[in-house]
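Beneath this line is the structure, given in structure tokens, with notes to follow.
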Amino acid sequence: MEKSKIVYIISVFLISLIPIFFGSLLFVSPFFGDINLIDEGQFLAWANHMFHGKLMYKDIYITYGPLYVYPVFLIVKFVEDSVFAFRFYSIALNGVLGILSVSLLLRRINLSLFSKITILLLITLIPGITIRLVPAILAIFFITGRRSSLNNFLLGVVSAMSLLISQEIGVFVGMISMMSIFFGVIQEKRIREIIFRIVNFFVGFFIISSLFFVWSSYEGWFESYLLVSRDVLTSFSGINLPNGKAFPNLISNFTSITSFQGMLRAAVSKDILMYSTILLYIITFFFLVYKFAVREFLSQHMTITYINILGIFLFALIIGRAGNFFLMYTPAIIILVFFAENIIRSLDFKRRIELAHLIIIFILICLFIIRTFVIFRPHFYQLPTSIKAVYATYETSARVGNINISDGQTAYIEMLQDYIAKNTNDNDYIFFWSNEPMIYFLSDRQNPTAYDLPYIANTIEKRFEIVASLKESRPKFIFYNTRSWAVDEVDNKKRLPEVTSYVNLNYKKCDIIGNVEIYCRAMK
Amino acid sequence: MKISNYILYGFIGIIFFSYILPGIIFPTDILNYFSSFSQSLWQKPHNSLLADPVFQFEPWRVYIKGQLLSGNIPVWNPLNGSGAPFIANPQTAIFYPLNIIYYLFPTKISLTAIPLFKIFFFSLFSYLYLRSVKCSKFASILSSMAVSFSGFFAVWLLWPHTNVYLLFPLLLFLTEKIRSKNSTPLLISIAFVYFMGVLGGHPETLFHIAVVHQIYTLIRIRKKIVFIKMLVFATLGIGLAGFSLVPFLEYLAYSYILQFRLGTSNTTLLPIPNILLYLFPLLFGAPHTNIYIPSISSSNFQESIGGYVGLIPLVLSAMFIRKLRDGLVNLWLITIGIIFVLSYNFWPLSIIRTFPPFNLSADIRLISILGFGIAVVFARVVTFLENRNKISTNRFLGLILISVFLLIVSYPMLRLFKVSEQLARYSNYQFGHLLIILTTTFIFLFFAGRYSSKKVLVKLILLVALFLQTGALFISYIPQNKTESYFPSAKWIKVIKNDPNTKVMEVGNPNFPPNLNLIYGFKHVEIDDALEINEYRRAFDKEFPDKNMWGNVNSAGIESLRKFGATHVVSDYDLNTIRIKIQSNLSERIMLGNKKLEIAFAGADRELSSIRIVTLNFNRLNTCRIAVLLIDDQTKDMLSSNTIDCRDIRDNMYFNIPLRAKLEKGEIYRVILENVENSPNDIALLGYKNKPYVELLYTSSQGFTNLWQGKNMFVFKVPNSDEIDGLDNIKIILDNSTNLLFTADVGKRGIATIKKVKYPGWYVKVDNKKVELHEGPFISFNINEGEHLIEMGYFPVSIIAGIVVSLSSFILLMLIAGRFIFGNNRKRLDSIYLTFSRSARKVSRLYNFYFFAITATFSTCLFILFSILFKASFKIPKTTAINWFTVNSYPKQQEHFYFTVGLLFIIVIPVATYIIYLWRKAK
């Protein structure tokens with residue numbers, strides 16, 4: 262094996278260790294940092310409900326694919342029922358698999374070892390990679406590879422798996438797979454070869470799909486999965502989206518500025534950063550057109566084309582949900598580094614004008630990266646503590662595991678655990694009206710409704726479904742944390758008026774602990 | 002000039018003409034037939050046969066346009082027949098390209114422009130086909146003019162039949178091209194034409210032209226592989242329209258019409274006397290002239306006239322056919338012969354019509370192809386004549402003799418068919434018609450004998466002569482009306498529109514036929530879409546068995562109306578009466594003239610309110626006055642009287658004459674009708690053996706609330722009729738064509754019924770859980786007590802399946818097209834690419850960089866400028882969701898719109914400019 266390859270493999274391995282100790286994306290280090298009662302909470306709440314016999318999609322409204330969620334249940338069931346175990350799993354899944362898939366994809370691009378390691382480091386340090394992107398990256402890897410039977414088979418496998426991990430990315434992978442098959446059919450002269458490739462793709466696709474069908478049908482949630490997936494794809498791309506605000510409007514942002522300082526602030530704002538990403542994709546498109554025009558369009562440019570398409574697709578997703586802006590980083594980072602290396606390689610430094618251009622472009626790239634780092638600065642401030650936390654052991658609340666969380670959060674969790682344990686038994690239902698699904702897991706109690714994050718039930722059908730479930734299961738307590746996250750400044754009392762009127766009519770506020778209002782059934 | 006230029010100039014010309022033309026070319030005057038739209042004295046509609054365009058196609062287009070402008074695809078029609086599939090009804094032709102004009106342009110322009118476009122394209126395609134079969138330019142122009150103004154095309158111009166039929170010559174043209182050069186783009190074009198054919202909206206016509214086209218292909222090309230390819234591409238083309246075709250097949254399977262046609266044999270034939278119409282199309286009159294006697298021709302004018310393309314083509318072809326017996330002419334002669342035999346049902350070919358699908362389709366319309374065939378042979382004859390220096394005098398003399406012979410022979414023929422008595426009154430008209438046809442034939446033959454390709458004037462005379470036999474005869478077939486006549490709002494409509502839940506039922510005379518309601522935006526219990534959901538129609542017929550000669554419901558009880566959720570009734574008589582027929586036979590026409598018609602009856606112990614008779618006005622303005630008297634037979638006292646102005650009478654309609662009198666049980670009374678003015682024209686009554694049909698209407702309280710009353714027209718409110726039964730305290734949250742969402746209380750467990758038709762795809766969820774639906778025409782289901790959220794929605798699997806079929810066909814066609822482009826044209830593409838890349842390489846990298854930077858900056862600025870200048874307004878979509886967008890009334894879709902349009906704008910302009918720059922540089 263070549264020396265550079267060995268170095269690359271070792272580098273990939275070492276970089277993969279970073280998220281495990283340091284953290285990735287929204288999940289901080291497995292050993293350190295307050296529990297995210299919402300994002301981490303929803304997964305563990307689902308796992309807990311499944312542990313008690315509820316079925317995915319049928320009894321629980323899940324917005325992700327089953328392959329993203331089911332492993333959490335397996336970990337809770339067979340490894341350890343703690344937040345720590347889940348964190349470890351999610352970091353490994355999001356961070357390590359992400360790094361490995363990108364490292365594979367980089368084989369398709371002609372970059373120096375330094376650039377490749379830079380890309381991997383940047384996507385690790387700037388939280389952006391998630392398991393949801395992995396099938397898309399792998400699909401590009403297989404599409405841009407040799408047109409072998411195995412590649413087509415694996416492309417089929419990845420396409421099916423991507424649908425089972427994230428519906429939206431699944432649609433994207435399906436589209437680019439079809440595109441690649443389409444171009445293959447057009448270009449290939451031998452009909453037999455065409456048929457063989459298509460068959461390979463569909464065999465891969467149907468093996469996974471069939472296994473999934475057998476599994477989900479056996480457990481009885483296949484139809485529910487299809488209905489929820491349709492709901493997720495349609496409601497999350499339309500007006501019924503539960504969470505999301507207006508996409509920043511640059512024109513109105515700039516026209517409302519009155520001072521020079523304001524102008525400067527706006528120029529380095531997060532909004533500009535979002536627009537700069539789409540600018541990058543447009544520039545890349547022009548670059549690819551130019552490369553094609555001058556007959557310098559190599560196979561690596563095809564890879565860049567697909568990455569660019571992925572970037573634009575993710576950006577279109579962000580248009581709907583500006584809060585998910587971290588999704589745009591992975592393709593942007595790969596393209597940025599690719600450009601940087603290409604510029605350095607191709608420009609003639611002896612010519613002043615080219616040097617001047619190089620400097621300007623480099624400054625812009627650096628500004629982008631620095632600005633991104635600045636956004637995630639709290640993440641880096643925790644670096645020393647995160648590393649220290651690996652070696653320590655902690656006494657924490659039940660089901661938290663070996664994580665160093667703040668005293669405030671420990672007190673909050675224990676207060677609720679204590680109250681629930683004293684006032685309910687194992688068969689009692691409790692309902693968290695505010696968005697804190699983690700408490701279901703931490704208190705090991707069941708939610709009477711399908712919605713662990715009630716804000717997701719924002720259409721009237723879902724609101725009535727919650728009311729119907731509350732009527733049927735009559736939870737003993739309903740909790741409402743007045744300080745909990747009001748998604749997009751619209752709290753759940755306002756979002757769910759039918760639930761509010763039901764609770765007001767059938768429950769009374771019987772206790773307040775901390776910021777949590779506790780409602781118990783009104784005697785009638 | 003290139004074809005694209007013709008199309009461009011044609012487009013501009015037609016749009017401009019449609020814009021400057023005063024009024025509308027549309028038969029809205031047909032509404033005058035109804036008392037509901039014409040309470041003043043009757044105005045004669047110009048053409049009595051143009052009902053469907055006014056009562057079906059135009060209301061559908063209005064509905065489609067409204068839905069599309071609101072951002073919805075009209076998959077379902079919630080306003081008729083308690084709901085019906087809409088996209089599945091092919092005649093709506095939602096996606097037919099010419100109908101896009103309707104969606105984009107004002108109604109006034111599109112009503113004129115669409116028929117003109119049809120003529121334009123049909124003549125263009127016919128010309129192209131005729132040229133491809135080696136007809137001369139002039140012969141092609143002459144012949145394409147003949148077919149474009151032929152009987153079939155002129156009379157069916159406003160129907161979807163011609164949407165499809167105009168593609169026939171295009172198919173033949175492409176087939177001829179494939180015959181000379183078997184190429185993939187031509188086969189793809191065939192697929193595209195079939196696709197258009199399905200979108201055209203008349204499957205029956207598509208079936209006819211497809212059968213003839215495939216046989217034509219088989220005989221003309223004679224290569225099995227090409228024929229198979231043609232079949233495959235035609236299938237792919239039809240598959241492209243899967244999104245419309247699959248729902249149609251589903252609707253057909255559930256339709257009343259299929260069950261009806263399966264239960265009856267196809268006996269629609271053309272009567273033999275109508276063969277005369279190939280020579281003299283208006284011989285038996287025509288609906289757009291002052292004379293129209295359908296009983297003489299024993300057939301509808303529209304059906305009978307389909308084969309007419311002018312006497313000139315027929316005569317000229319007959320004379321020279323022996324000189325021209327090549328393969329193409331033989332093929333067309335055989336086709337003409339077969340179609341002729343089929344249309345007039347001559348044995349043994351008539352056996353074909355007993356087999357499916359011929360036994361289900363109206364094969365008489367095949368005669369359109371017969372006419373087209375005559376035109377093709379005619380074009381070949383004219384070409385033949387052009388190639389000869391001079392036609393012999395003998396032959397020319399022969400032609401004239403033929404004309405004279407025809408003139409002489411026509412009259413005895415009329416006598417032979419025993420229609421002369423009725424025609425005698427119109428002999429001047431008939432003679433005038435014969436004179437025009439034969440004179441123009443004579444002129445044509447005279448100049449054709451002296452034909453020389455250099456003489457423009459001769460050509461012009463020939464064109465004019467032929468036009469006088471075709472276009473000129475039908476030019477006023479579709480009337481030009483004032484813009485105000487376009488679906489005027491009547492007073493009674495304003496009255497019932499006040500109720501937001503209006504669902505109308507028509508009783509008695511046709512006053513407000515189904516589909517018209519789409520124009521005015523309320524519901525109608527019935528539907529007229531030529532298909533109808535079988536279960537609903539059967540339930541309707543069972544509930545309302547009393548039908549009149551129009552097939553309309555003649556009486557309706559409150560309970561029956563409630564079952565169908567009807568809130569209002571439009572009737573020609575007072576529903577708060579009891580009807581007693583004293584003479585119910587309608588089989589004869591009784592001309593009133595100066596006769597005195599009497600009918601006696603025994604009275605009942607009730608108060609007579611009015612009598613109801615059936616009148617005929619022969620579709621003309623009558624100036625007589627009729628006295629109606631009610632006499633006590635014993636005392637001879639006149640108990641009541643009334644006078645009818647004949648100008649109030651409409652054809653084949655019930656006429657309600659108020660005659661108020663208290664009658665005694667067992668007493669004999671007499672109703673007398675007599676013409677009190679000796680006017681030159683009069684009306685007739687339907688009856689039997691000189692006894693007119695008479696109904697007595699006795700006053701009785703049936704519980705209807707009378708909202709409006711006019712001449713022969715009543716509007717009633719049905720008491721306590723609701724759209725939803727079995728539920729209380731209903732609060733509607735969302736109500737659109739495919740969704741109904743509401744909350745309701747249920748006091749006691751029971752069955753809820755929503756008076757919307759049950760059809761595959763509809764589901765009901767109670768508290769977000771699907772429920773089982775009961776058997777029956779309406780949506781009904783069990784429901785428990787308590788407060789519920791009820792959601793009713795339409796998720797048509799057939800449309801999804803159709804989209805899959807369309808996409809699959811599209812992908813296959815794209816693959817075939819792609820393989821063709823990249824396979825067969827690789828060298829050409831490579832050379833173009835090489836030329837481009839040479840130009841690109843000559844430009845420095847920095848220059849390229851700045852090129853894109855400047856053009857992209859320019860397009861970005863342009864986009865921002867456009868966004869500011871033409872600020873689009875976005876509404877919040879209808880939703881029940883509560884989220885940041887709805888709380889802040891922020892229309893989210895604008896971001897997707899600006900992103901997509903902006904991205905395309907910023908990318909396309911620089912790239913297009915770059916390509917143009919390189920192209921110019923390469924040149």
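Those sequence lines, one after another, are chains V and P.
Each residue of the first sequence is one higher than the one before, starting from 262 at the first, in this note's numbering.
Each residue of the second sequence is one higher than the one before, starting from 2 at the first, in this note's numbering.
Just so you know, even glycine gets a beta-carbon here, dropped at the ideal spot from N, CA and C.
Computed from a predicted structure; not experimentally measured.
What Pro503 (chain V) touches in chain P, judged by beta-carbon distance under 7 Å, is Asn884, going in chain order. Nearest Cα to Asn569 (chain V) within the set V:Val550, V:Lys315, V:Asn585, V:Glu557: V:Val550. Using a Cβ-Cβ cut-off of 7 Å, Asn686 (chain V) is close to nothing in chain P; its nearest Cβ partner there is about 28 Å away. DSSP places Thr616 (chain P) in the strand class (E or B) of the three-state scheme.
Annotation: the continuous beta strand (DSSP E) that includes Arg661 (chain P) extends over 654-663. Excluding the 5 residues flanking it on each side, Lys754 (chain V) has same chain C-beta neighbours closer than 6 Å at Thr761, in chain order.
Bounds of any alpha helix (DSSP H) do not take in Glu678 (chain P), whose DSSP letter is neither H nor E. For Gly399 (chain P), the CB contacts under 8 Å within the same chain, skipping 5 residues up- and downstream, are Met320 in chain order. Think of a sphere of 8 Å around the beta carbon of Val446 (chain V): the chain P residues whose beta carbon falls inside it are Leu816, Gly819, Arg820, in chain order.
Within chain V, the C-beta atoms nearer than 8 Å to that of Arg842 (chain P) come from Val555, Arg556, in chain order. Going by beta carbons, His313 (chain V) and Gln678 (chain V) fall outside the 8 Å limit. DSSP places Asp749 (chain V) within a helical segment (H, G or I) once states are collapsed to three. Chain-ordered, the chain V residues with CB closer than 8 Å to the CB of Leu742 (chain P) read Ile721, Glu722.
At a cut-off of 8 Å, the C-beta of Arg756 (chain V) has a neighbouring C-beta in chain P. In its chain, beyond the 5 residues on either side, Ser722 have a beta carbon closer than 6 Å to the beta carbon of Arg563 (chain P). Under DSSP, no beta-bridge partner is assigned to Trp307 (chain V). Linking Ile339 (chain P) to His569 (chain P) through their CA atoms gives a straight-line distance of about 52 Å. Ile479 (chain P) places its beta carbon less than 8 Å from that of Leu158 (chain P). The DSSP-derived three-state label of Phe292 (chain V) is coil. Among the residues facing chain P, Val764 (chain V) is not included, as its CB has no counterpart in that chain under 8 Å away. According to DSSP, Met714 (chain P) shares a beta bridge with P:Gly711. The beta carbon of His47 (chain P) is closer than 7 Å to those of Pro28, Asp30, His289, Pro480 in its chain, skipping five residues each way along the sequence. At a cut-off of 8 Å between beta-carbon atoms, Lys319 (chain V) makes no contact with chain P. Scanning its chain for C-beta atoms nearer than 7 Å, with the 5 sequence neighbours on each side dropped, one finds around Val767 (chain P) the residues Ile784, His789, Ile791, in chain order. Residue range 204-222 is occupied by the alpha helix (DSSP H) that includes Gln215 (chain P).
Contact fails between the region 616-628 of chain V and the region 372-390 of chain V, because fewer than three Cβ pairs, one in each stretch, are under 8 Å apart. Legend: CB atoms of the region 509-535 of chain V lying less than 7 Å from CB atoms of chain P belong to residues Ile512. If you look at Cys771 (chain V), you'll find it isn't in any alpha helix (DSSP H); it sits in the beta strand (DSSP E) that goes 768-774.
Under the 10 Å beta carbon count, Asp772 (chain V) is surrounded by fewer than 16 other beta carbons and is classified as exposed.
When C-beta atoms of the region 305-322 of chain V are compared with those of the region 622-629 of chain V, fewer than three pairs fall below 8 Å, so the two segments do not count as touching. Interface criterion not met: the Cβ of Phe623 (chain V) is under 8 Å from no Cβ in chain P. Arg735 (chain V) and Tyr690 (chain V) have their C-alpha atoms some 7 Å from each other. Close CB contacts of Ser19 (chain P) within its chain, under the 6 Å cut and outside five residues either way in sequence, are with Ile110, Thr113, Ala114 (chain order). Interface criterion not met: the Cβ of Glu602 (chain V) is under 8 Å from no Cβ in chain P. At least 8 Å separates the CB of Lys828 (chain P) from every CB of chain V. Under the three-state reduction of DSSP, Trp43 (chain P) is assigned to coil, being neither helix nor strand.
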